[in-house]
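Have a look at the structure below before the remarks.
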Amino acid sequence: MNEATARRISDDLLRPLLNTSWRFYALVAALASVVAMGLGTWAYQMYMGFGLTGINNPVFWAFYITNFVFWIGISHAGTLISAILRLVNAGWRRPVTRCAEVITAFALMIGAMFPIIHLGRPWLFFWLVPYPSERQIWPNFRSPLVWDFFAITTYLTGSVMFLVLPMIPDFALIRDKTTGWRRTLYGALALRWQGTTKQWHRLESAMQIMAVAIIPVAVSVHTIVSFDFSMAPVPMWHSTMFGPYFVAGAIFSGIAALIIAMATLRKVLHLEDYLHPVHFENLGKLLLLMSLLWGYFVFAERLTVWYGNETAEVAAFLATQRGSYAPLYWTMIVCNFVIPVPILSLRKLRTIVGCVFASGCVLVGMWLERFLIVVPSLSHKYLTYTWGHYRPQPVEILITISTFAAMALLYTLFAKLVPIISIWELKVGEHPFPSETPEQLRAHQLWKAIP
Amino acid sequence: MNAIYALYTEPADVQRAVDNLRAAGVADREITVISSEPIEEFEFSHRDEATWLHWIAGCGGAAGLVMGVLLTVGTELAWPLSTGNMPIVAWWPNLIVMFELTMLGAILATVITLFITARIPSRGPRMYDPAVSDGKILVGVEKPAADFIPVLERALVAGGAGELRKR
Chain A
1085 MNEATARRIS DDLLRPLLNT SWRFYALVAA LASVVAMGLG TWAYQMYMGF GLTGINNPVF
1145 WAFYITNFVF WIGISHAGTL ISAILRLVNA GWRRPVTRCA EVITAFALMI GAMFPIIHLG
1205 RPWLFFWLVP YPSERQIWPN FRSPLVWDFF AITTYLTGSV MFLVLPMIPD FALIRDKTTG
1265 WRRTLYGALA LRWQGTTKQW HRLESAMQIM AVAIIPVAVS VHTIVSFDFS MAPVPMWHST
1325 MFGPYFVAGA IFSGIAALII AMATLRKVLH LEDYLHPVHF ENLGKLLLLM SLLWGYFVFA
1385 ERLTVWYGNE TAEVAAFLAT QRGSYAPLYW TMIVCNFVIP VPILSLRKLR TIVGCVFASG
1445 CVLVGMWLER FLIVVPSLSH KYLTYTWGHY RPQPVEILIT ISTFAAMALL YTLFAKLVPI
1505 ISIWELKVGE HPFPSETPEQ LRAHQLWKAI P
Chain B
99 MNAIYALYTE PADVQRAVDN LRAAGVADRE ITVISSEPIE EFEFSHRDEA TWLHWIAGCG
159 GAAGLVMGVL LTVGTELAWP LSTGNMPIVA WWPNLIVMFE LTMLGAILAT VITLFITARI
219 PSRGPRMYDP AVSDGKILVG VEKPAADFIP VLERALVAGG AGELRKR
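Chains as they are written, first to last, in our numbering: chain A, 1085 to 1535; chain B, 99 to 265.
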């Protein structure tokens, strides 16, 4: 790659970091106010008590656990997809990986907050942490909630490392190209990175190992989230297919979130030269595959329940098919299947706009799917006299809205501080075809024998 | 003099410079090549391939597994809680915690080993030139013997359009 190309890539991708317009401050202020509103609402809920929410017997899990499952699902966009594409050496991954990995890190942080919000008394969350308590009370390792703690901790640690390690060479580049406080800040973040052949080789080896390790962890995380439900003898929860069903749904919603994030970055940061229509086309095909897979899982799950005709299960089933939850259920089917499949199947419609529209529908549909897994089953348990209803209250709605603003805020700030596309990985993608064959490379080794 | 190096634009020139340095009697471990991206297409990038990183990651995973067994089985025996008619040491759920700690061990071992073996962050003075960030590739030798400097200069300049610098 010639110097001009290298400089153009660096300049294009560093421009968002170095130039700030009033629009950035306005956006941050707007998003921060929504997040502040959410934090204030949470504080109000803590002060007044959990009775402010609509959560009551028999629906003890509702909006907060729906959000928990939804955001953990969104987190599957990044590290999992990035790791798979890295292992199969897909060249088109290079501009996509960091955009995706950031979603994982922030979505996991937001998702992991919801069980804490749901505690009502969040200052006691450390009871989940396994440590030698002076009261000799240890977490019960047979509880799926404790499995969540281990799974999310491992996935978050791995995902943050997977995101941060390839950022070090880019920090070194920013250090060399800036002055003043930026040089000091990025100099510290670069950890005195030089770029020796040894450092590059170790970094790439480490990324390969982490890619291998992170894929089973990502699958396990959403499987374990599904265990929160399937381990309980609740109608339509106690199912052996919940693990793969949840994983497929998570990847589905994750890809949708990634497409929307990429389209936004492309437009706002003028990254048209780097995020090409082919990236959206490829991700659109993946989204189509996941939409079909999701439809297959829903059909298999519904058919089994309907055919089994077990009284309690059918009661929960009918509540969603033609009862009070039917409007939400059929909206979910339209958003997750009816709209995306034709849009993403037809090449003419699989444009950037088409993919973004389908992804927006999928996000709405997948949030509804999480809600419809949690609430109808809890409100239609085995004994009819325990049946009940759930209606979300303002605190739950405001906190839910604020988490979407929190995601947007964190993403905006990240894109302001770190190149949202990995500069060095993009430059590697620009390399010409290898100039030396393996035989020639091996021949050079002979130099070592020459005194 | 702390270091002598040359800056190149083309990786092929870098390969020639590295070969010349070897021919001049400089050991591979004393030749430093610095670039702003990995250049896998040339032999000089493959000099440091030997690594124990994979094995260390495996050992980290094994350590995590042992930790998982001790944490779950140890605490269940130390504080027996009867839950859902399951045995006190319940292997099925324990496997989940053990798996997660195994993977966590492998990931942490990989990251720690990367930092140690790649010397990040490095200490003390080091050979570097900010021109690397503009796409230049640096080839040099640190702390060269005074009487050997002319030989190194010839080797580096002969490597192509090398821009010779000394620190």
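Heads up, the beta-carbon is just placed ideally off N, CA and C, and yes, glycines get one too.
Is A:Ile1457 buried or exposed, if buried means 16 or more other CB atoms sit within 10 Å of its CB? Looking up residue 1457 of chain A in the first sequence gives position 373. Per the 10 Å Cβ criterion, buried.
Who pairs with B:Ala101 in a beta bridge, going by DSSP? For the purposes of this step, residue 101 of chain B is identified with residue 3 of the second sequence, where counting begins at 1. B:Glu240.
Runs of alpha helix (DSSP H) wholly within the region 109–195 of chain B (minimum 4 residues, chain order): 109–121 and 151–176
Is there a Cβ from chain A that is less than 7 angstroms from the Cβ of B:Gly260? Taking the first residue of the second sequence as position 1, residue 260 of chain B is located at position 162. It does not; no Cβ of chain A falls within 7 angstroms.
Residues of the region 1238–1250 of chain A in Cβ contact with chain B at a cutoff of 8 angstroms, in chain order, please. Thr1238, Thr1241, Gly1242, Met1245 and Leu1249
By Cβ distance below 8 angstroms, which residues in the same chain neighbour A:Pro1535 in space, the five residues on each side in sequence not counted? Taking the first sequence and counting its residues from 1, the one referred to as residue 1535 of chain A is at position 451. At A:Pro1535, the pLDDT of 35 sits below 50, so the modelled position is not reliable and the matter cannot be decided from this model.
Report the neighbours of A:Met1193 on chain B: residues whose CB is nearer than 9 angstroms to its CB, in chain order. Stepping through the first sequence from its first residue, residue 1193 of chain A is reached at position 109. Close to A:Met1193, with beta-carbon spacing below 9 angstroms, lies no residue of chain B; the smallest spacing is near 17 angstroms.
Among A:Tyr1474, A:Val1296, A:Ser1429 and A:Ile1258, which one has its Cα closest to the Cα of A:Asn1173? Taking the first sequence and counting its residues from 1, the one referred to as residue 1173 of chain A is at position 89. If we check each option's Cα against that of A:Asn1173, A:Val1296 comes out closest.
CB of A:Gln1129 within 7 angstroms of CB of A:Val1479, strictly: For this step, residue 1129 of chain A is matched to residue 45 along the first sequence. For this step, residue 1479 of chain A is matched to residue 395 along the first sequence. Yes, the pair counts as a contact, with Cβ atoms nearer than the cut-off.
Is A:Glu1394 close to chain B? Criterion is C-beta to C-beta, closer than 7 angstroms. Counting from one through the first sequence, the residue named residue 1394 of chain A turns up at place 310. With 7 angstroms as the cut-off, A:Glu1394 does not count as an interface residue toward chain B.
Which residues in chain A have a C-beta closer than 9 angstroms to the C-beta of B:Phe246? List them in chain order. Here residue 246 of chain B refers to the residue found at position 148 when the second sequence is read from its first residue. Residues of chain A passing the Cβ test: none, with the nearest at roughly 15 angstroms.
What does a CB cutoff of less than 6 angstroms around A:Leu1169 pick up in its chain, not counting 5 residues either side in sequence? Position 85 of the first sequence holds residue 1169 of chain A. Arg1177.
Residues bridged to B:Leu262 [DSSP beta-bridge criterion]: Counting from one through the second sequence, the residue named residue 262 of chain B turns up at place 164. In DSSP, B:Leu262 forms a bridge with B:Ala104.
Taking only beta-carbon atoms, is B:Val233 less than 7 angstroms away from chain A? Residue mapping note: residue 233 of chain B aligns to position 135 of the second sequence, counting from 1. Per the sequence shown, residue 233 of chain B should be read as Gly rather than Val. Yes, B:Gly233 lies at the interface with chain A (some Cβ there is under 7 angstroms from its Cβ).
Contact list for the region 1263–1291 of chain A against chain B, Cβ threshold 7 angstroms: Leu1275, Arg1276, Trp1277, Gln1278, Gly1279, Thr1280, Thr1281, Lys1282, Gln1283, Trp1284, His1285, Arg1286, Leu1287, Glu1288, Ser1289 and Ala1290
Identify every residue that forms a DSSP beta bridge with B:Ile235. The residue labelled residue 235 of chain B in the question sits at position 137 within the second sequence. According to DSSP, B:Ile235 bridges with B:Tyr106.
Alpha helix (DSSP H) segment containing A:Gln1405, residue limits: Locating residue 1405 of chain A in the first sequence gives position 321, counting from the first residue. Counting along the chain, the alpha helix (DSSP H) containing A:Gln1405 begins and ends at Thr1395 to Gln1405.
I'd like to confirm something about A:Lys1432: is its beta-carbon nearer than 6 angstroms to some heavy atom of the ligand COA, or not? Although the ligand COA was asked about, the structure shown includes no ligands whatsoever.
Determine the direct distance from the alpha carbon of B:Pro219 to that of B:Asp117, and round the result to whole angstroms. Taking the second sequence and counting its residues from 1, one reaches residue 117 of chain B at position 19. Taking the second sequence and counting its residues from 1, one reaches residue 219 of chain B at position 121. Roughly 29 angstroms separates the two Cα atoms.
Secondary structure at A:Thr1435, three-state DSSP: helix, strand or coil? The residue given as residue 1435 of chain A occupies position 351 in the first sequence. Correct three-state label for A:Thr1435: coil.
Which residues, taken in chain order from the region 186–197 of chain B, show a beta carbon closer than 7 angstroms to some beta carbon of chain A? Ala188, Pro191, Asn192, Ile194, Val195 and Phe197
Short-range partners of chain A found in the region 121–148 of chain B, where Cβ spacing is below 8 angstroms: Ala121, Gly123, Asp126, Thr130, Val131, Ile132, Ser133, Ser134, Glu135, Pro136, Ile137, Glu138, Glu139, Phe140, Glu141, Phe142, Ser143, His144, Arg145, Asp146 and Glu147
For A:Thr1281 and B:Asp232, which I take to be in contact (beta-carbon distance under 8 angstroms), what is that distance rounded to the nearest angstrom? Residue 1281 of chain A sits at position 197 when you count from the first residue of the first sequence. Residue 232 of chain B sits at position 134 when you count from the first residue of the second sequence. Contact flag wrong, Cβ pair sits at about 19 angstroms.
What's the gap between the Cα of A:Ser1408 and the Cα of B:His152? Taking the first sequence and counting its residues from 1, one reaches residue 1408 of chain A at position 324. Taking the second sequence and counting its residues from 1, one reaches residue 152 of chain B at position 54. Cα to Cα, the separation comes out at about 55 angstroms.
Ends of the alpha helix (DSSP H) at A:Ser1429? Within the first sequence, numbered from 1, the residue matching residue 1429 of chain A stands at position 345. Counting along the chain, the alpha helix (DSSP H) containing A:Ser1429 begins and ends at Pro1424 to Ser1429.
Which word fits A:Ser1117, buried or exposed, when buried means at least 16 other C-beta atoms lie within 10 angstroms of its C-beta? In the first sequence, the residue the question calls residue 1117 of chain A occupies position 33. Classification for A:Ser1117: exposed.
Please report how far the alpha carbon of B:Gln113 lies from the alpha carbon of B:Phe142, in whole angstroms. Here residue 113 of chain B is taken as the residue at index 15 of the second sequence, counted from 1. Here residue 142 of chain B is taken as the residue at index 44 of the second sequence, counted from 1. So the two alpha carbons sit approximately 6 angstroms from each other.
Output, in chain order, the set of chain B residues within a Cβ distance shorter than 9 angstroms of A:Arg1091. What you label residue 1091 of chain A is simply residue 7 of the first sequence in a count that begins at 1. Simply Asp232 and Gly233.
Would you kindly report the start and end of the unbroken alpha helix (DSSP H) that includes A:Ile1194? Counting from 1 along the first sequence, the entry for residue 1194 of chain A is found at position 110. Thr1181 to His1202 is the extent of the alpha helix (DSSP H) around A:Ile1194.
Under 8 angstroms from the C-beta of A:Leu1257: neighbouring residues of chain B: On the first sequence, residue 1257 of chain A is found 173 positions in, with the first residue counted as 1. Those are Ser134 and Ser231, listed as they occur along chain B.
When the Cα atoms are used, what is the spatial distance from A:Ala1345 to A:Thr1263? Position 261 of the first sequence, counted from the first residue, corresponds to residue 1345 of chain A. Position 179 of the first sequence, counted from the first residue, corresponds to residue 1263 of chain A. If you take the alpha carbons of A:Ala1345 and A:Thr1263, they lie about 30 angstroms apart.
Using the Cα positions of B:Thr107 and A:Arg1107, report the straight-line distance between them to the nearest angstrom. Along the second sequence, one-based indexing puts residue 107 of chain B at 9. Along the first sequence, one-based indexing puts residue 1107 of chain A at 23. A straight-line Cα-Cα distance of about 39 angstroms links B:Thr107 and A:Arg1107.
Distance between A:Met1193 and A:Leu1494 (C-alpha atoms, nearest Å): Your numbering for residue 1494 of chain A matches position 410 in the first sequence. Your numbering for residue 1193 of chain A matches position 109 in the first sequence. The alpha-carbon atoms of A:Leu1494 and A:Met1193 are separated by roughly 11 angstroms.
Counting only beta-carbon atoms, is A:Trp1531 nearer than 7 angstroms to chain B? Residue 1531 of chain A sits at position 447 when you count from the first residue of the first sequence. Low local confidence applies: a pLDDT of 39 at A:Trp1531 is under 50, so the model's placement there is unreliable, and no value is given.
What is the residue span of the alpha helix (DSSP H) that A:Tyr1474 lies within? Here residue 1474 of chain A refers to the residue found at position 390 when the first sequence is read from its first residue. No alpha helix (DSSP H) holds A:Tyr1474; DSSP gives it neither H nor E.
Pairwise C-alpha distance: A:Ser1243 and A:Pro1476: Walking along the first sequence from the start, residue 1476 of chain A turns up at place 392. Walking along the first sequence from the start, residue 1243 of chain A turns up at place 159. So the alpha carbons of these two residues sit roughly 33 angstroms apart.
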